[in-house]
Amino acid sequence: MDNVRVRFAPSPTGDLHIGGVRTALFNYLYSKNKNGKFILRIEDTDETRSTKESVEVILNAMKWLRLGWDEGPGNEIAEYAPYYQMERKEKHIYRKYVDALLNKGLAYPCYCTAEEVDAMRKEAQNNNLPPKYDGRCRHLTCEQRKQREVDGRTAVIRFKMPQSGTTILDDLIRGRVEFDNFLLDDFVIMKANGVPTYNFACVIDDYLMKITHVLRGDDHISNTPKQMQLYTALDWPMPRFAHLSMILGPDGARLSKRHGHTSVLEYRKEGYLPEALINYLALLGWSTQDSQQIFTIEELIEKFSLERCGVSPSTFDPAKLLWLNGEKIRSKTPQEIYYLFVDWLKYTNNETLISDWDENLLKQAIALEHDKIKLLKEIPSLLDFFFVKEVDYKEDAVMKTLLNEKSKVSAEMVLVESANRLLEKEDFSANALEQYARDLAKDKEIKTGQVFHPLRVAISGRTQGPSLFHMMELMGKNEVIRRINIAINKFFKK
RNA sequence: GCUGCCAUCGUCUAGCGGUUUAGGACAUCGCCCUCUCAAGGCGGAGAUCACGGGUUCAAAUCCCGUUGGCAGCGCCA
């Protein structure tokens, strides 16, 4: 009977942040799990802070995360469109319901100034009372109203909140929550400029868009009784509500800009995969009985349920996200990683970084370092030595130590010997190379590592990197010998 | 100040009255593997289940209180 319809309704006042993604994700997962619809609605009624750019950023971020919406910008359904609240305002959608409430006597114009309202709240607070608008404009007569208009005052429309009884919320995650109506005040539903406020527009649109479940952050829970009273006043059926726990920063305060990276865009720039972010965020405030950690999006959709959403807030842990990103990268083929990397370069405007890199060599190099990559952005620094003409030798300690005191075997000897012997080598496979190196160590009565390490530094300029012989095989004989000779000149020739 | 929400290893969490010496994951430490770094395997350490009262034969699990944290209290959303 109930075709599930949920929505994610961001306000375009900045980047899409982690908390927003989590809310969007849970809505998405719930709708897909229930075979319902996921709707995207832009709540741009804050005219001073909403921007077109922000809308674009949010839409793009959603697409990148593959949180596709069934209805919303770009996917308009005539029955419910438009999906931008300011466009809906232009179509007088909200005005109609404001008038309805006005006619029913459930709303009224209020002429108080911001200063007056502010003073009321302060006063109440000073008397240890809940800060609220005192309803002084509730019973203005027609004459009084006219007089204020003549005085040049503009009116907002306030909702006449019942002042007795309780509003009971049966939250799908938190259970029963009661609110004393006396504590609720006559909140503004339409601003003086004719734009509806959040609490009003939200209810109207959720009703008109036939939203069945409102899944949103816990920070909205105190808005819920206000909205519920609006449904009652309008005589509309209510959606079910589910309030998700907050995501906290390391200091225990709600995750915000001052905690560093909070925009999805920043994670994209760092080289995180969307599936890692999705998987990680799903784990914040939701879990399975067996505590499974790694999920594909299909598994998340299949296993997601509101009953298993937690109530306590959770701290965002970048270390675990990083681990998950490594897991997701490891689960891809080198080929896939290559294309992901290319996309990342495009996104970060870094394409020139690899413009002279051989594509095929890069793909194979990625395969060699496959399980070391945790972030796409690490790929250049992990593999650039494959592509340079001049190796940057930062590590030289290994070259200076004498390998065998007795026979005076040195790193120089290892390199010179290698430059000569490898020249004659027909079989340049990793296996053959390893055999060669081991034989050399045996001849010179030194440890295998004493051959491996100088070779590694000579070839790559570093003490750590991919498997030495696979790296040599991939570089090829000419390049390997060329680099060994360069190293000999650099370290041992004056 | 008012109201609401929350409280299990450093972090994410399992646990929904007895099967728990509280399980898993990340991080951390050690060992193994090994040409380095990773990855992987194995193991360790890490939680008097915030505290105090109840209820019960039995409580991390139910109830009450305390404390602490967070959130909301706009003509922002």
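Under the numbering used here, read the first sequence as residues 6 to 499, first letter to last. Beta carbons: idealized from backbone N, C-alpha and C, even for Gly. Fair warning: this is a prediction, and the values are worked out from it, not measured in the lab.
Drop a sphere of 10 angstroms on the beta-carbon of residue i, count the other beta-carbons inside from all chains shown, and report buried for 16 or more, exposed for fewer.
i, result
"E478", "buried"
"P171", "The amino acid at residue 171 is misidentified as Pro; the sequence shows Thr. Counting Cβ neighbours within 10 Å, T171 comes out exposed, since fewer than 16 surround it."
"V11", "buried"
"K137", "buried"
"L134", "exposed"
"T468", "exposed"
"D256", "exposed"
"T301", "exposed"
"I23", "buried"
"D175", "exposed"
"T50", "buried"
"L373", "buried"
"C147", "exposed"
"E81", "exposed"
"R426", "exposed"
"K37", "buried"
"D190", "buried"
"K333", "buried"
If I follow the unbroken beta strand (DSSP E) through residue i, where does it start and stop?
i, result
"I226", "Premise fails: I226 is in no beta strand (DSSP E) and is neither H nor E."
"R547", "The chain is shown only over 6 to 499; residue 547 falls outside these bounds and no answer can be derived."
"I518", "Absent from the structure is residue 518, since the part of the chain shown begins at 6 and ends at 499."
Per DSSP, which residues does residue i bridge with? Please list them.
i, result
"T171", "D185"
"Y85", "Paired residues: none, contrary to the question."
"A112", "F164"
"I44", "R12, E76"
"G180", "D176"
"I98", "DSSP, once it has assigned bridges, lists no residue as partnering I98."
"W291", "C314"
"V508", "The structure shown has nothing for residue 508, since the chain only spans 6 to 499."
"I252", "S319"
Measuring CB to CB, does residue i end up less than 9 Å from residue j?
i, j, result
"L177", "R71", "no"
"S250", "V155", "no"
"L213", "I98", "yes"
"C207", "E58", "no"
"F164", "L106", "yes"
"R273", "W349", "yes"
"G331", "K379", "yes"
"K449", "E422", "yes"
"Y85", "I162", "no"
"A258", "R221", "no"
"F496", "K405", "yes"
"L381", "Y277", "yes"
The alpha helix (DSSP H) with residue i in it runs from where to where?
i, result
"F321", "Where F321 is concerned, there is no enclosing alpha helix (DSSP H), given that its DSSP letter is neither H nor E."
"F346", "339-352"
"I209", "203-213"
"H458", "453-465"
"H475", "473-480"
"Q130", "119-131"
"W69", "57-69"
"R93", "90-95"
"S386", "384-388"
"R54", "Where R54 is concerned, there is no enclosing alpha helix (DSSP H), given that its DSSP letter is neither H nor E."
"Y398", "From DSSP, Y398 is part of no alpha helix (DSSP H); its letter is neither H nor E."
"I502", "Look at the range of the chain in this structure, 6 to 499, and you will see that residue 502 is not part of it."
"C147", "147-155"
"Q440", "435-449"
"S261", "Per DSSP, S261 belongs to no alpha helix (DSSP H) and is neither H nor E."
"T28", "23-38"
"K308", "302-308"
"S423", "416-428"
"K274", "269-275"
As a quick exercise: from the options, pick the residue whose alpha carbon is nearest that of residue i.
i, options, result
"A197", "E303, L213, Y116, A258", "Y116"
"N355", "K333, A160, E332, E383", "E383"
"A402", "L350, L388, V462", "V462"
"D322", "E120, A370, L288", "L288"
"F31", "R153, P114, I306", "I306"
"V414", "F390, I451, I378, Y441", "I451"
"L45", "P17, K325, F497, D191", "P17"
"I464", "F391, T338, I334, L239", "F391"
"E303", "L311, E280, N365", "E280"
"N40", "T217, L460, F497, K447", "T217"
"N494", "F433, Y398, D448", "Y398"
"D295", "A446, K308, P15", "K308"
"T56", "L34, D20, N38", "D20"
"V419", "L428, R158, A446, L311", "A446"
"T28", "W291, E431, R443, E439", "W291"
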